[in-house]
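K.L.:
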Amino acid sequence: GAVVSQHPSWVICKSGTSVKIECRSLDFQATTMFWYRQFPKQSLMLMATSNEGSKATYEQGVEKDKFLINHASLTLSTLTVTSAHPEDSSFYICSAGGTVAGNTIYFGEGSWLTVV
Amino acid sequence: GQNIDQPTEMTATEGAIVQINCTYQTSGFNGLFWYQQHAGEAPTFLSYNVLDGLEEKGRFSSFLSRSKGYSYLLLKELQMKDSASYLCAVRVADDKIIFGKGTRLHILP
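Residue numbers (this note's numbering), protein chains in the order written: chain D, 3 to 118; chain L, -3 to 105.
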């Protein structure tokens, strides 16, 4: 079964609205989780590091006010895409693991976001 | 900076062998992953190399040379279902994984 679970798998939202994606670690406590974005026919691009109990660390070029990350517990990180635009349509995927999970990195199932 | 290079596309024939190369220059190195990704799906784990050498797992093998910043993924007895993108990724500090752009592998009958 899934070790890292992501929800929803598919979401369609209207331009200007916000959408939240959840990432849960099921078998271990994750002080750190990672969020990636993947545009069609491109590779995964690291967006940010989600830190439990503190602010997320964003990669260069990623707008922190647009992609809000909250990591309020050791098993849940959320990514909120605010004021979504069609160009935000993408595949978003989280990962967690490392030393706390037998030195293995697990990915969530991914979330397809379409902004219309 | 982080730089991971792999060929954009490769084509091979069913039943044959193909080797996908990956070179990397990263600030920190704690291991190298290979993932397979079919269109529209999440990546699936293939291999993880930390030490130099070859690791074999069924039809797939992965090789790492840390001194050369080089890895390859070897796929034997290719099947049509192996048509996918193959992602080389390096684990750097703090469990971050940085991905290469991926290699799209096309298998011909």
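Note that beta-carbon positions come from the ideal geometry of N, C-alpha and C, so glycine has one too.
(1) Classify V13/D as helix, strand or coil using the three-state DSSP reduction.
(2) For A32/D, count neighbouring Cβ atoms within 10 angstroms of its own Cβ and tell me buried if that reaches 16, exposed if not.
(3) Runs of 3 residues minimum, wholly inside the segment 77 to 109 of chain D: which ones carry the beta strand (DSSP E) assignment?
(4) Among the candidates S23/L, A38/L and P105/L, whose CA atom is the shortest distance from the CA of K77/L?
(5) Are Q62/D and K97/L closer than 8 Å when you measure CB to CB?
(6) Are there 16 or more other CB atoms within 10 angstroms of the CB of V117/D, so buried, or fewer, so exposed?
(7) Measure the CB-CB distance between S79/D and S52/D and report whether it falls below 8 Å.
(8) Is any heavy atom of the ligand FAD found at a distance shorter than 7 Å from the C-beta of T59/D?
(9) How big is the Cα-Cα spacing for A8/L and K16/D?
(10) Do E73/L and R62/L have their C-beta atoms closer together than 8 Å?
(11) Applying the 10 Å Cβ sphere with the 16-neighbour rule, what's the burial state of H87/D?
(12) Please report the distance separating the alpha-carbon of N45/L from that of G27/L.
(13) Is DSSP giving A89/L helix, strand or coil here?
(14) By DSSP, does K77/L sit in helix, in strand, or in coil?
(15) Note down, in chain order, each residue of its chain lying with its Cβ closer than 7 Å to the Cβ of I107/D, except the 5 sequence neighbours on either side.
(16) In its own chain, which residues sit with a C-beta less than 6 Å from the C-beta of R26/D, not counting the 5 before and 5 after it?
(17) Could you confirm whether any beta carbon from chain L is found closer than 8 Å to the beta carbon of T77/D?
(18) How big is the Cα-Cα spacing for F25/L and R87/L?
(19) Closest to D90/L by C-alpha separation, out of V102/D, S91/D, G110/D and F69/D, would be which residue?
P.N.:
Reading off the structure:
(1) To locate residue 13/D, count along the first sequence from 1; it is residue 11. Residue state, collapsed to three classes: strand.
(2) Position 30 of the first sequence, counting from 1, holds the residue named residue 32/D. So A32/D counts as buried.
(3) 78 to 83, 92 to 100 and 106 to 109
(4) Position 81 of the second sequence, counted from the first residue, corresponds to residue 77/L. Checking every option, the nearest Cα to that of K77/L belongs to P105/L.
(5) Counting from 1 along the first sequence, the entry for residue 62/D is found at position 60. Counting from 1 along the second sequence, the entry for residue 97/L is found at position 101. In this structure, K97/L does not lie closer than 8 Å to Q62/D by Cβ.
(6) Position 115 of the first sequence holds residue 117/D. V117/D should be labelled buried.
(7) One-based indexing of the first sequence puts residue 79/D at position 77. One-based indexing of the first sequence puts residue 52/D at position 50. For S79/D and S52/D, yes; Cβs fall inside 8 Å.
(8) The ligand FAD is absent from the structure shown, which contains no ligands of any kind.
(9) Counting from one through the second sequence, the residue named residue 8/L turns up at place 12. Counting from one through the first sequence, the residue named residue 16/D turns up at place 14. Taking the straight line from one Cα to the other gives about 42 Å.
(10) Taking the first residue of the second sequence as position 1, residue 73/L is located at position 77. Taking the first residue of the second sequence as position 1, residue 62/L is located at position 66. Contact: no.
(11) Locating residue 87/D in the first sequence gives position 85, counting from the first residue. Result: exposed.
(12) The residue labelled residue 45/L in the question sits at position 49 within the second sequence. The residue labelled residue 27/L in the question sits at position 31 within the second sequence. Spanning the two alpha carbons is a distance of roughly 6 Å.
(13) Along the second sequence, read from residue 1 onward, the residue named residue 89/L stands at position 93. If DSSP states are grouped into helix, strand and coil, A89/L belongs with the helices.
(14) In the second sequence, the residue the question calls residue 77/L occupies position 81. Here K77/L sits in helix by DSSP.
(15) Reading the first sequence from its first residue, position 105 is the one you call residue 107/D. Excluding residues within five positions, the ones whose Cβ falls inside 7 Å are S97, G99 and G100.
(16) Working through the first sequence from its first residue, we reach residue 26/D at position 24. Hits under 6 Å: S7, T77 and L78.
(17) Taking the first sequence and counting its residues from 1, one reaches residue 77/D at position 75. Chain L, which has no Cβ nearer than 8 Å to the Cβ of T77/D, makes this no.
(18) Along the second sequence, read from residue 1 onward, the residue named residue 25/L stands at position 29. Along the second sequence, read from residue 1 onward, the residue named residue 87/L stands at position 91. Distance between the alpha carbons of F25/L and R87/L: 6 Å.
(19) The residue you call residue 90/L lines up with position 94 of the second sequence. When each option's Cα is compared against that of D90/L, the closest is V102/D.
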